[in-house]
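The sequence shown begins at 61 in our numbering and counts up by one. Every residue, glycine too, gets a C-beta built ideally from N, C-alpha and C. Read the structure below first, then the notes.
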Amino acid sequence: MVEWKKLRDIRELRWTLSVRVPVLTSSQVGDAALSILHSMVAAHSDLDDAGEIVSPTPKVKRILSSPRCLPHIAQAMLSGEPGIVEAAAALLKAVVTRNPNAMIRLYSTGAFYFALAYPGSNLLSFAQLFAVTHVHQAFQCGEEAAISSSLPLAKRSVLGGLLPESLLYVLERSGPAAFAAAMVSDSDTPEII
Numbered sequence: 061m062v063e064w065k066k067l068r069d070i071r072e073l074r075w076t077l078s079v080r081v082p083v084l085t086s087s088q089v090g091d092a093a094l095s096i097l098h099s100m101v102a103a104h105s106d107l108d109d110a111g112e113i114v115s116p117t118p119k120v121k122r123i124l125s126s127p128r129c130l131p132h133i134a135q136a137m138l139s140g141e142p143g144i145v146e147a148a149a150a151l152l153k154a155v156v157t158r159n160p161n162a163m164i165r166l167y168s169t170g171a172f173y174f175a176l177a178y179p180g181s182n183l184l185s186f187a188q189l190f191a192v193t194h195v196h197q198a199f200q201c202g203e204e205a206a207i208s209s210s211l212p213l214a215k216r217s218v219l220g221g222l223l224p225e226s227l228l229y230v231l232e233r234s235g236p237a238a239f240a241a242a243m244v245s246d247s248d249t250p251e252i253i
């Protein structure tokens with residue numbers, strides 16, 4: 061530290077030295093915070109009365125999709141708490157939907173890796189996030205290459221190097237629920253192999 065600071069200005073010490081009996085556990089605080097953020101995103105619709113996309117993107121989405129906030133929302137999936145993990149995936153989906161600037165760079169937050177590292181079996185929220193985002197990432201040659209139908213799905217999807225191509229086709233053809241079931245099950249059907 062370059063200069064002296066008051067104790068209340070050092071966030072880590074405030075959390076560590078707090079001596080009061082907490083009203084909520086840390087998991088409940090995280091879940092409540094994500095719920096509040098999701099409510100804020102839902103309150104500011106990005107569609108007008110005619111169903112057209114509002115321009116510019118609502119301010120809450122712009123703030124949450126900034127490089128300062130979006131990686132932290134993705135990192136909430138590392139908590140391992142089922143409620144927090146599901147809420148973080150739902151919030152990420154809400155933030156990047158109809159927000160092209162956030163959509164194409166979601167991969168840079170590590171969200172796909174964090175989701176696949178989750179050991180739980182409640183994968184539907186991840187599958188819904190994957191279904192909306194996995195082929196819209198600018199991870200190779202830009203977004204145009206990702207949505208080009210001339211390339212195989214494994215090359216267009218950011219999940220192509222992480223999952224077998226057959227699972228990607230389950231996600232594309234059968235939807236998020238079937239993908240989540242295939243990820244959890246120990247099946248060896250020809251479609252998944």
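A distance of 8 Å or more separates the beta carbons of Ala-175 and His-98. Within the stretch 163-248, complete alpha helix (DSSP H) segments of at least 4 residues are found at 171-177, 184-193, 203-207, 213-216, 225-234, 236-244, given in chain order. For Glu-146, the enclosing alpha helix (DSSP H) covers residues 142-156. Beta-carbon to beta-carbon, Pro-224 and Ala-191 are separated by about 17 Å, too far to satisfy the 8 Å threshold. Collapsing the DSSP output to three states places Leu-84 in coil. In this structure the stretch 130-149 touches the stretch 164-175; the number of beta carbon pairs closer than 8 Å is three or more. Under DSSP, Ile-113 takes part in a beta bridge, and its partners are Leu-107.
For Ile-123, the enclosing alpha helix (DSSP H) begins and ends at 119-124.
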